[in-house]
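Student:
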Amino acid sequence: MKLEIGSGNKPQKGYIHFDIRAGIGADVVGDARELPFKEGECDEVYSRFFLEHLPRKDALLALKEMFRVLKRDGKLEIIVPNIAYFCKLFSEESGQKKEWALNKIYGFEHYKEDHHFFGYDEEILSKALKESGFIEIKRADEEEQYLHLTAKKPLK
Ligand SMILES: C[S@@+](CC[C@H](N)C(=O)[O-])C[C@H]1O[C@@H](n2cnc3c(N)ncnc32)[C@H](O)[C@@H]1O
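Plus 5 on top of the position in the sequence shown (first one is 1) and you've got the working numbering.
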């Protein structure tokens with residue numbers, strides 16, 4: 006089973022879609038801090054632009070839940086805005102680019118859950134992944150704006 010957490014309005018093909026909001030096409034509705042799946046049930050977990058929507062400690066809970074539901078040697082793929090990039094953009098730009106940076110730092114506020122409670126650069130996200138038990142934490146691409154990391158649940 007391949008699971009996407011926080012799939013929202015842009016669900017990725019090939020995954021079971023999980024989101025806290027009902028009525029937007031999620032296969033399973035619930036809170037990522039307490040996933041309704043069994044330990045080791047998932048081959049892969051994917052999450053894009055979700056983790057920053059949780060306060061720091063809750064994000065760790067969600068990462069630990071992703072770790073729990075993954076099978077051993079299962080892969081996590083996670084994408085979040087790079088707060089370092091957007092803070093720089095905010096301080097150096099003006100007008101629309103500055104507004105865009107603000108939205109990427111704090112969230113667009115299109116709906117109730119559309120706030121960013123925390124921000125990540127590569128060091129901070131890698132640390133959170135390590136604390137949640139993940140290994141083999143790697144950058145999937147060198148895109149500056151977004152952190153796209155992969156990680157694994159250890160075999161043992
Ligand atoms: C910015 S959207 C990202 C949507 C999509 N993944 C994308 O890449 O565009 C963040 C999603 O996370 C969901 N979300 C926020 N808090 C959540 C929680 N505690 N548990 C599950 N989903 C949550 C929101 O409902 C929203 O659909």
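Where a beta carbon is used, it is the ideal one built from N, C-alpha and C, also for glycine.
Please state whether the Cβ-Cβ distance between Leu-75 and Glu-136 is less than 8 Å.
Tutor: Cβ atoms of Leu-75 and Glu-136: not closer than 8 Å.
Student: Within the region 81-152, note down every full beta strand (DSSP E) run reaching 3 residues or more, in order along the chain.
Tutor: Here the runs fully enclosed are 140-144.
Student: What are the residues that DSSP puts in a beta bridge with Tyr-51?
Tutor: Beta-bridge pairing links Tyr-51 to Glu-9, Glu-82.
Student: For the 8 Å Cβ check, are there 3 or more pairs between the region 77-87 and the region 146-159?
Tutor: The region 77-87, when compared against the region 146-159, does touch it at the 8 Å Cβ threshold.
Student: Going by other Cβ atoms of all chains shown within 10 Å of its Cβ, with 16 needed for buried, is Gly-11 buried or exposed?
Tutor: So Gly-11 ends up on the buried side.
Student: Along the alpha helix (DSSP H) that carries Phe-72, what are the first and last residues, could you check?
Tutor: Note, Phe-72: alpha helix (DSSP H), 61-74.
Student: With distances taken Cα to Cα, identify the nearest neighbour of Arg-73 among Cys-92, Asp-48, Glu-149.
Tutor: Closest by alpha carbon: Asp-48.
Student: So is the beta-carbon of Ala-27 under 7 Å away from any non-hydrogen atom of ligand 1?
Tutor: Result no, Cβ not under 7 Å from ligand 1.
Student: Could you tell me which residues DSSP pairs with Lys-2 in its beta bridges?
Tutor: Residue 2 lies beyond the stretch modelled for the chain, which goes from 6 to 161, so this question has no answer here.
Student: Against chain D, with Cβ distances strictly below 8 Å, would Pro-41 count as a contact?
Tutor: You won't find chain D in this structure, because it holds only one protein chain.
Student: Given that a residue counts as buried once 16 or more other Cβ atoms are within 10 Å of its Cβ, and exposed if not, what is Tyr-51?
Tutor: When all chains shown are included, Tyr-51 counts as buried.
Student: What beta strand (DSSP E) runs, 3 residues minimum, are completely inside the region 8-42?
Tutor: Entirely contained in the region 8-42, the beta strand (DSSP E) runs reaching 3 residues are, in chain order, 21-24.
Student: Between the alpha carbons of Leu-130 and Phe-91, how many angstroms are there, rounded?
Tutor: Between Leu-130 and Phe-91, the C-alpha separation is close to 15 Å.
Student: Using the Cα positions of Lys-93 and Lys-7, report the straight-line distance between them to the nearest angstrom.
Tutor: Straight-line Cα distance between these residues: approximately 35 Å.
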